[in-house]
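J.:
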Amino acid sequence: MKVALLGYGTVGSGVVEVIRSNSESIEKRAGKPIEIKYVLDLRDFPNDPINELIVHDFNVILEDEEVEIVAEAMGGINPAYNFAKACLEKGKSYVTSNKELVALHGAELLEIARIHNVNFLFEASVGGGIPIIRPLNQSITADEINEITGILNGTTNYILTKMKDEGRTFEDVLKEAQELGYAEKNPAADVEGYDACRKIAILSSLAFGEHVNFEDIPTEGITKITKEDMVYAEKMNCVIKLLGTCQRQDDNVFARVSPMLISKSHPLAMVNDVFNAIFVKGNMVDDLMFYGKGAGKLPTASAVVADIVDAAKHKGTNIMTIWNREKIDLKAKEDVRVAYFVRLENADAGLGERVNEIFGEVKQVEALNGEYAFVTRVMKEKHFSEKLEALSDVKVLSKIRVQE
Ligand code: HSE
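Going from the sequence shown to the numbering used here is simple: count from 1 and add 8.
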């Protein structure tokens, strides 16, 4: 089975390494040898044996009928979208780790794959090496999914873990994460939550079978989280995690990416460093948790190669994936119900009383540095904002959602 690889960066070179290291077992599982025939990259690699497979023109791959599977590890929408479409229309299966592409065009590319009786597979686009796309698509199919909540970004989880364990600032640990190669080229994609947003959009679309537009998902990153917030979290027996979530609430579905305070007893609280985990609640199977390395060369490449094996095994058969192009109307973010942890500066005598008057009963938290800190009851986001507005004369140092 001849494969072409698009992109010889971190993940692309990992794909070559995985196929070469495990060629025997991969051949057994795929039922045939898997051979990389071409690697498309703008660059040449004169000191790497891969150089003899390097091509610079995508059409060489597209027009070669021997190539039945194309694996992409370039990232970004252009030219990946055109490449994916062209390959599927030519009857080649397309495997990708590119979450931007899948979040934006997944429904359409799945439809094109179905029409041409090939496969569009994207296990590596969410959670790196963690199997989650295939379980949602092929294993948990007897359930209605009520919730998916995940730590979906390794860089931010690494940063939050170090801030908590070592009392360091956000900026300091971000630099280290970049040096370790975890962060995206543009750190905003990680720290502002955009990467997690695309990943939860993909998972929600698969869970609910209709398209969840990533632009409709309210997204907040971790740039405002401070060392002091970490101290409060510890006092409350909680940790702060960047969570991507989609849940049924009342008769609607809502999705969100934001930092959340979660109790140390929650299974996601124990997920540290660059690890990711995805918690799924089905109405029959109940709670499931998928855990592993959500970023990095070989874990991500392992998922790409697993998709190549699946595409080889299913030659001539489309693996049905339910993700319609019809868009889900998500619950308006103002109507989502949630509790908040709030820190106010300079607690004057009487501030506690005012807070209780405005918010109703709150849970006061033992405060640092003369602040006033509390957790609200669960209320609609819009009611929380209105109530906080009534305290506009007081400086709000932090407001972080609390996972129930
Ligand atoms: N920058 C991403 C992360 C890479 O840190 O999780 C994997 O998508």
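From the three backbone atoms N, C-alpha and C, an ideal C-beta is built for every residue, glycine too.
Figure out for me which residue from Glu179, Thr164, Leu211 has the closest Cα to the Cα of Asp198.
T.: Counting from 1 along the sequence shown, the entry for residue 198 is found at position 190. Comparing Cα positions, the closest option is Thr164.
J.: Let me know the alpha helix (DSSP H) ranges lying completely inside the stretch 298 to 364, each 4 residues or longer, listed in chain order.
T.: 305 to 321
J.: Only counting runs of 4 or more residues, tell me where the alpha helix (DSSP H) segments fall wholly within the stretch 177 to 238, in order along the chain.
T.: 178 to 187, 195 to 199, 202 to 216
J.: Could you tell me how far apart the beta carbons of Ser271 and Leu251 are, in whole angstroms, since I believe they sit closer than 8 Å?
T.: The residue you call residue 271 lines up with position 263 of the sequence shown. The residue you call residue 251 lines up with position 243 of the sequence shown. Not confirmed; about 13 Å, so no contact.
J.: May I have the straight-line CA-CA distance separating Asp281 from Glu71, to the nearest angstrom?
T.: Within the sequence shown, residue 281 is the residue found at index 273, counting from 1. Within the sequence shown, residue 71 is the residue found at index 63, counting from 1. In a straight line, the C-alpha of Asp281 is about 44 Å away from that of Glu71.
J.: DSSP state of Ile18, grouped into three classes?
T.: As a first step, residue 18 is located in the sequence shown; it is residue number 10 there, counting from the start. In the sequence as displayed, the identity of residue 18 is Thr instead of Ile. In the structure shown, Thr18 sits in a helix (DSSP, three-state: H, G or I).
J.: Assign Ile4 to one of three DSSP states: helix, strand, or coil.
T.: What the structure shows of the chain is the stretch from 9 to 412, and residue 4 is not part of that stretch, so it cannot be assessed.
J.: Taking 7 Å as the cut-off, does the CB of Tyr190 come closer than this to any heavy atom belonging to the ligand HSE?
T.: Residue 190 sits at position 182 when you count from the first residue of the sequence shown. It does: the Cβ of Tyr190 is within 7 Å (strictly closer) of some heavy atom of the ligand HSE.
J.: Identify which residue in Val220, Ile62, Asn106, Leu269 has its Cα closest to the Cα of Ile330.
T.: Along the sequence shown, read from residue 1 onward, the residue named residue 330 stands at position 322. Comparing Cα-Cα distances from Ile330 to each of Val220, Ile62, Asn106, Leu269, the minimum goes to Val220.
J.: From Gly217, Glu342, Ile44, Gly229, pick the residue whose C-alpha is nearest to that of Ile141; which is it?
T.: The residue you call residue 141 lines up with position 133 of the sequence shown. In terms of Cα proximity to Ile141, the closest of Gly217, Glu342, Ile44, Gly229 is Gly217.
J.: Can you give me the Cβ contacts of Glu342 inside the same chain, cut-off strictly under 7 Å, excluding the 5 residues immediately before and after it?
T.: Residue mapping note: residue 342 aligns to position 334 of the sequence shown, counting from 1. Excluding residues within five positions, the ones whose Cβ falls inside 7 Å are Lys388, Glu389, Lys390.
J.: Threshold first: 4 residues or longer. Then list the alpha helix (DSSP H) segments lying entirely within the stretch 47 to 131, N to C.
T.: 66 to 70, 88 to 97, 107 to 123
J.: Determine the DSSP secondary structure at Ile369, reduced to helix, strand or coil.
T.: In the sequence shown, counting from the first residue as 1, residue 369 sits at position 361. The sequence shown places Glu at residue 369, not Ile. It is coil, neither helix nor strand.
J.: Cα-Cα, which of Asp52, Gly189, Asp65, Ala277 is closest to Ala12?
T.: The sequence position of residue 12 within the sequence shown is 4, counting from 1. Residue Asp65 is the option with its Cα nearest to Ala12.
J.: Tell me, please, which residues DSSP counts as bridged to Leu13.
T.: Residue 13 sits at position 5 when you count from the first residue of the sequence shown. Note: Leu13 sits in a beta bridge opposite Val47, Ala79.
J.: Does the distance between the C-beta of Asn280 and the nearest non-hydrogen atom of the ligand HSE fall short of 7 Å?
T.: As a first step, residue 280 must be located in the sequence shown, where it is residue number 272. No, the ligand HSE has no heavy atom inside 7 Å of this Cβ.
J.: Report whether the distance from the Cβ of Gly84 to the nearest heavy atom of the ligand HSE is below 7 Å.
T.: Here residue 84 is taken as the residue at index 76 of the sequence shown, counted from 1. Checking every heavy atom of the ligand HSE against the Cβ of Gly84, none is found closer than 7 Å.
J.: Would you kindly work out how many angstroms separate the C-alpha atoms of Thr227 and Pro57, rounded to a whole number?
T.: On the sequence shown, residue 227 is found 219 positions in, with the first residue counted as 1. On the sequence shown, residue 57 is found 49 positions in, with the first residue counted as 1. Going from the Cα of Thr227 to the Cα of Pro57 covers about 43 Å.
J.: If you measure from the CB of Ala303, is any heavy atom of the ligand HSE nearer than 7 Å?
T.: As a first step, residue 303 must be located in the sequence shown, where it is residue number 295. Indeed, a heavy atom of the ligand HSE lies less than 7 Å from the Cβ.
J.: How would you label Met171, buried or exposed, when you count the other beta carbons within 10 angstroms and need 16 or more for buried?
T.: By 1-based counting over the sequence shown, the position of residue 171 is 163. Its Cβ being crowded by 16 or more others within 10 Å, Met171 is buried.
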